[in-house]
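In the working numbering, the protein residues as written are 177 to 646.
Ideal Cβ placement from N, Cα and C applies to all residues, glycine included.
Nothing here was measured: the structure is a model prediction, and the numbers come from that model.
The structure appears below as structure tokens.
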Amino acid sequence: AEAITHPNRYLWIATSGGLNQQRTGITDAVVAARILNATLVVPKLDQKSFWKDASNFAEIFDVDRFISHLANDVKIIKELPRRGGKTWTPYTMRVPRKCNERCYQIRVLPVLLKKHAVQLTKFDYRLANKLETDLQKLRCRVNYHALRFTDPITKMGETLAHRMRMMSKHYIALHLRFEPDMLAFSGCYYGGGDKEIKELGKIRKRWKTLHTSNPDKVRRQGRCPLTPEEIGLMLRALGYGKDVHIYVASGEVYGGEDTLAPLKALFPNTHSKDTITSKEELEPFSAFSSRMAALDFLVCDESDVFVTNNNGNMAKILAGRRRYFGHKPTIRPNAKKLYRLFLNRDNMTWEEFASRGRRYQKGFMGEPKETRPGRGEFHENPSSCICEDSDAKLKMETGPRKLGRGKEGTKNDVGEAVDDQNTDNELELSDPEDEEDLSDPQGKGLVDGTSEDYDPNTSEEPELEVLLSD
177 AEAITHPNRY
187 LWIATSGGLN
197 QQRTGITDAV
207 VAARILNATL
217 VVPKLDQKSF
227 WKDASNFAEI
237 FDVDRFISHL
247 ANDVKIIKEL
257 PRRGGKTWTP
267 YTMRVPRKCN
277 ERCYQIRVLP
287 VLLKKHAVQL
297 TKFDYRLANK
307 LETDLQKLRC
317 RVNYHALRFT
327 DPITKMGETL
337 AHRMRMMSKH
347 YIALHLRFEP
357 DMLAFSGCYY
367 GGGDKEIKEL
377 GKIRKRWKTL
387 HTSNPDKVRR
397 QGRCPLTPEE
407 IGLMLRALGY
417 GKDVHIYVAS
427 GEVYGGEDTL
437 APLKALFPNT
447 HSKDTITSKE
457 ELEPFSAFSS
467 RMAALDFLVC
477 DESDVFVTNN
487 NGNMAKILAG
497 RRRYFGHKPT
507 IRPNAKKLYR
517 LFLNRDNMTW
527 EEFASRGRRY
537 QKGFMGEPKE
547 TRPGRGEFHE
557 NPSSCICEDS
567 DAKLKMETGP
577 RKLGRGKEGT
587 KNDVGEAVDD
597 QNTDNELELS
607 DPEDEEDLSD
617 PQGKGLVDGT
627 SEDYDPNTSE
637 EPELEVLLSD
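Right under this line is the structure:
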């Protein structure tokens with residue numbers, strides 16, 4: 177790193193959002209420093225937005241490992257050096273979303289050469305999805321090897337996973353996003369009548385630029401988080417029995433225990449951090465949202481099967497991690513198809529319901545060859561870092577099969593077309609973590625979370641940022 181790091185170039189970034197969104201920012205910050213041949217200052221975590229966690233980097237991640245593990249790639253220091261005996265205040269700026277190498281060289285490098293120390297603010301998804309292979313591999317070294325949680329977090333996470341294993345040799349982890357803020361922003365309706373409409377409508381008013389939603393349309397598009405009951409029905413249709421143990425990682429669930437009751441009826445062995453630990457054990461973590469999220473991350477990563485009712489940051493990062501370390505299954509609901517199935521479930525036998533559920537979920541089960549290299553977000557599909565066998569390469573060389581309306585698709589093992597969920601223009605569930613700041617909901621307008629990589633002829637429009645969350 178010393179050989180490629182130019183003197184008097186210091187890059188500092190301020191992350192944004194919850195734990196997993198910040199993780200993507202940290203990963204991309206290392207790559208940005210490499211592009212700029214700059215020394216990276218240990219990133220500053222988001223302590224002010226919706227998640228309101230005062231933890232610094234060293235209280236979440238093993239900072240010494242982070243620095244030493246990447247020593248051959250990027251020079252990293254814990255804080256900016258003093259200048260003239262005084263604290264050095266860096267020049268602050270923001271780069272567009274999906275900024276590629278040329279974008280950094282055009283926009284940031286001239287400022288860095290002049291000011292010598294630059295801080296990039298709101299650093300989330302500010303690096304292009306597609307980069308040179310060496311830079312993609314650096315992303316993997318950061319995300320999968322250099323970034324480790326602190327010993328206290330790691331040990332508590334291991335304890336939680338061990339307790340799940342003590343109850344059952346195998347377990348499912350469910351990341352359940354069903355918070356009131358999330359549902360309000362999504363514009364979905366879950367049958368709660370006037371009470372739900374009033375409660376979620378009141379929350380939705382925080383975002384002044386949101387249009388009036390069409391709940392039926394949003395649900396048809398597959399943009400509504402599945403309910404706990406729907407997740408339970410999907411899992412039963414996939415063949416998971418009543419005796420399966422499920423670890424539920426979630427925040428506040430809208431409707432509380434009444435909402436969770438149908439899931440628990442389908443799977444009585446449902447657990448969470450709170451049910452398998454004591455208040456005293458969780459006390460060092462419970463006041464810090466990111467540390468609590470880190471515990472859930474570790475238990476979910478250790479699970480035999482990871483299930484999500486959304487496609488937010490935690491779901492994407494864990495899906496990519498599980499692919500990278502050996503393709504442990506990650507089940508994502510095919511919400512577009514399942515919507516119709518749930519709508520008509522009273523008009524068919526259980527056998528027919530389960531059969532259709534299994535068919536609709538083909539291509540959404542986290543199988544090794546389910547996602548074509550280069551498709552989808554890199555953090556979800558780190559194909560540049562995973563060796564392909566000859567069959568996978570052959571499929572890539574023969575090219576994708578075209579389906580109706582020009583969409584690309586794949587065929588499953590029985591010759592049926594399967595939706596490709598990793599297209600670049602995929603409609604995704606909006607989620608509060610990508611918001612500029614939920615405590616300042618008027619924010620800055622709308623960003624397209626699936627926009628193309630940086631084009632120097634375009635500029636960022638004022639935005640209410642896409643709410644894709646942990």
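How long is the line joining the alpha carbons of residue i and residue j, rounded to whole angstroms?
i, j, result
"LEU350", "THR263", "45 Å"
"ILE493", "ASP477", "10 Å"
"ILE373", "GLY363", "10 Å"
"ARG532", "LEU314", "41 Å"
"SER231", "ALA209", "23 Å"
"THR203", "HIS182", "21 Å"
"HIS321", "HIS245", "8 Å"
"ALA530", "ASP450", "32 Å"
"LYS254", "PHE242", "10 Å"
"TRP526", "GLY408", "14 Å"
"HIS338", "ILE180", "44 Å"
"SER479", "ALA247", "32 Å"
"THR268", "LEU323", "25 Å"
"ASP522", "MET342", "38 Å"
"THR191", "LYS224", "11 Å"
"LYS220", "ASN390", "39 Å"
"GLU334", "ALA470", "11 Å"
"SER448", "SER426", "8 Å"
"VAL218", "ALA495", "26 Å"
"VAL424", "TYR366", "20 Å"
Looking only at its own chain, which residues have a Cβ that is under 6 Å from the Cβ of residue i, when we skip the five neighbours before and after it?
i, result
"THR200", "HIS555"
"ILE422", "ILE348, LEU350, PHE443, THR446"
"HIS503", "PRO544"
"MET468", "PHE461"
"PHE161", "Outside the shown range of the chain, which is 177 to 646, sits residue 161, and nothing can be said about it."
"THR388", "none"
"ILE452", "ARG339"
"SER344", "HIS421"
"GLU355", "GLY427, GLU428"
Per DSSP, what are the beta-bridge partners of residue i in this structure?
i, result
"LEU187", "LEU216, VAL294"
"ILE507", "VAL483"
"THR702", "The chain is shown only over 177 to 646; residue 702 falls outside these bounds and no answer can be derived."
"PHE237", "PHE325"
"ILE202", "Answer by DSSP bridge pairing: none, since ILE202 is not bridged."
"ILE562", "ILE562 is not bridged to any residue."
"ILE253", "VAL217"
DSSP three-state label for residue i, please.
i, result
"ALA653", "What is shown of the chain runs 177 to 646, which leaves residue 653 out entirely."
"TYR500", "helix"
"ILE180", "coil"
"ARG262", "A quick correction: the sequence has Lys, not Arg, at residue 262. Here LYS262 sits in strand by DSSP."
"ILE211", "helix"
"ARG399", "coil"
"LYS418", "coil"
"ASP222", "coil"
"PHE518", "helix"
"ARG382", "coil"
"PHE529", "helix"
"CYS279", "helix"
"GLY542", "coil"
"THR435", "helix"
"HIS245", "helix"
"ALA495", "helix"
"MET410", "helix"
"GLU553", "coil"
"ASP229", "coil"
"TYR430", "coil"
"MET524", "coil"
"ARG534", "helix"
"VAL284", "coil"
"ASN196", "helix"
For residue i, which residues from the same chain have a beta carbon less than 7 Å from its beta carbon, with the 5 sequence-adjacent residues on both sides left out?
i, result
"LEU212", "ARG185, LEU187, TYR280, VAL284, LEU285, LEU288"
"CYS316", "TYR500, PRO558, CYS561"
"PRO460", "PRO328"
"ARG534", "ALA413, LEU414"
"ALA360", "LEU376, ILE379, ARG380"
"LEU439", "PRO404, GLU405, ILE407, GLY408, THR446"
"ARG395", "CYS364, TYR515"
Ordered along the chain, which non-local residues of its own chain (more than five positions away) have a Cβ less than 8 Å from that of residue i?
i, result
"THR309", "SER560"
Review point. Where are the beta strand (DSSP E) runs, 3 residues long or more, that stay fully inside the region 296 to 380, in chain order?
Key: 347 to 352
Point to revise | In chain order, each alpha helix (DSSP H) run of at least 4 residues that lies wholly inside the region 440 to 482 | key: 449 to 452, 455 to 462, 465 to 478
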